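Student:
Structure below.
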């Protein structure tokens, strides 16, 4: 039976011309190379070399056999290249599904960093409502999903995240003099809110009612990104997630913590019943690193809520 060691020794002799040089290249002794060659010849049933004045001359059979051995080694080289491509993620695809609040704030920043780290990876970001993010991830059409918290779903592995919303303001707004804002600070202020059926608008209404605060609520929208754009246009102020607030900084906006906490909940989703892809894990690590670098701290499970960095 032929072995890789025998074929490797034969190929090294053919390419170098001597047993001595072949042994040096293979980092084994000359007797070991000679022994492998003898074993190969015994297995093949014909001689591969003739000795002439202390030199090895390849036989006609050896030259014919070498052509076939080269084909095998080319195949091995291709396997090594394929393995390197898998190891280095060359030509791989990462598909991310996300709710709009993440697609328009957090994820563009993380994807830019991720692509600088993995230059050969192709990334696809698709934006859907949360139910569709769940469905796509469950069907393995997405490697990782970010959706409104809807609880554990069948066919999904999920990691719950919770953050505190912050109050988004124009940089020169009078309320920026406060380190933390409360519901009573919103009394009489033009407050841009999400549609009543969307989270976290229910919690906001509860806190305002408990504090007896009555802001001016003339504008409602279904997208958090639209809240930020409206604040930048001078239409009012808004309670938004910290990622939207971070993305709005170039618009000349600042954020202040808000208490009592208004939670922003999101689930990070992966297809269940299969190993998590290395790329999806790497992307999650990159996302967490971006969050930590900006001082945005997630809540521990069971705690009252995360603490968000201030004054940005």
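Numbering (the working numbering), first residue to last: 2 to 313. We put the beta carbon where it would ideally sit given N, CA and C, even for glycine. This one's a predicted model, so the numbers in the text were calculated from it and none came from an experiment.
#1: Using only alpha-carbon positions, find the residue among 15, 279, 294 that is nearest to residue 93.
#2: Determine the burial state of residue 258: buried for a count of at least 16 other Cβ atoms within 10 Å of its Cβ, exposed for fewer.
#3: Return the first residue and the last residue of the beta strand (DSSP E) that residue 145 is part of.
#4: In the structure shown, what three-state DSSP assignment does residue 133 receive?
#5: Below 8 angstroms, how does it come out for the region 162-169 and the region 244-253: are there three or more Cβ pairs, yes or no?
#6: Since residue 255 contacts residue 240 with CB under 8 angstroms, what's their CB separation in whole angstroms?
#7: Taking only the alpha-carbon atoms, compute the straight-line gap between residue 67 and residue 114 and give it to the nearest angstrom.
#8: Is it buried or exposed, residue 299, if we count other Cβ atoms within 10 angstroms and call 16 or more buried?
#9: Contact defined as beta carbons within less than 8 angstroms: I believe residue 13 pairs with residue 26. What is the distance between those atoms, to the nearest angstrom?
#10: Could I get the ranges of all uninterrupted alpha helix (DSSP H) runs contained in the region 227-260, with 4 residues as the minimum, in chain order?
#11: If you draw a straight line from the C-alpha of residue 132 to the C-alpha of residue 71, how long is it?
#12: Exposed or buried, residue 194, counting other C-beta atoms within 10 Å across all chains shown (16 or more means buried)?
#13: Buried or exposed for residue 135, going by 16 or more other Cβ atoms inside 10 Å?
#14: Based on the DSSP secondary-structure assignment, which residues constitute the bridge partners of residue 38?
#15: Write down the C-beta distance between residue 103 and residue 147 rounded to the nearest angstrom, noting that I regard them as a contact closer than 8 angstroms.
#16: Are the beta-carbon atoms belonging to residue 99 and residue 108 less than 7 angstroms from one another?
#17: Distance, Cα to Cα, residue 44 vs residue 56?
#18: So with Cβ pairs under 7 angstroms, would you call residue 159 a contact of chain B?
#19: So is residue 284 buried or exposed if we call it buried at 16+ other beta carbons inside 10 Å?
#20: What residue range does the alpha helix (DSSP H) around residue 289 cover?
#21: For the region 151-161 against the region 178-188, do three or more pairs of beta-carbon atoms, one drawn from each stretch, fall closer than 8 angstroms, so that the two count as touching?
Tutor: Taking the geometry as given:
#1: Answer by Cα proximity: 279.
#2: Classified as buried, residue 258 has 16 or more neighbouring CB atoms from the shown chains inside 10 Å of its CB.
#3: That run of the beta strand (DSSP E) goes 145-149.
#4: In this structure, residue 133 counts as helix in the three-state DSSP scheme.
#5: Verdict: yes, contact present.
#6: Contact flag wrong, Cβ pair sits at about 14 angstroms.
#7: Computed Cα separation, rounded: 48 angstroms.
#8: When all chains shown are included, residue 299 counts as buried.
#9: Yes, they are in contact, since the Cβ atoms of residue 13 and residue 26 sit about 5 angstroms apart, within 8 angstroms.
#10: Taken in chain order, the unbroken stretches of alpha helix (DSSP H) that lie wholly in the region 227-260 and span 4 residues or more are 243-248.
#11: So the two alpha carbons sit approximately 54 angstroms from each other.
#12: Buried, since its Cβ has 16 or more Cβ neighbours within 10 Å.
#13: With 16 or more other Cβ atoms within 10 Å, it is buried.
#14: By DSSP's assignment, residue 38 forms no beta bridge with any residue.
#15: Indeed, because the Cβ distance is near 5 angstroms, the residues count as touching under 8 angstroms.
#16: In contact: residue 99 and residue 108 (Cβ atoms closer than 7 angstroms).
#17: For residue 44 and residue 56, the distance between alpha carbons rounds to 23 angstroms.
#18: Of the protein chains in the structure, only one exists, and it is not chain B.
#19: Classification of residue 284: buried, given that the 10 Å Cβ count is 16 or more.
#20: Element bounds for residue 289: 279-294.
#21: Taking a contact to require three or more Cβ pairs closer than 8 angstroms, the region 151-161 and the region 178-188 do not qualify as touching.
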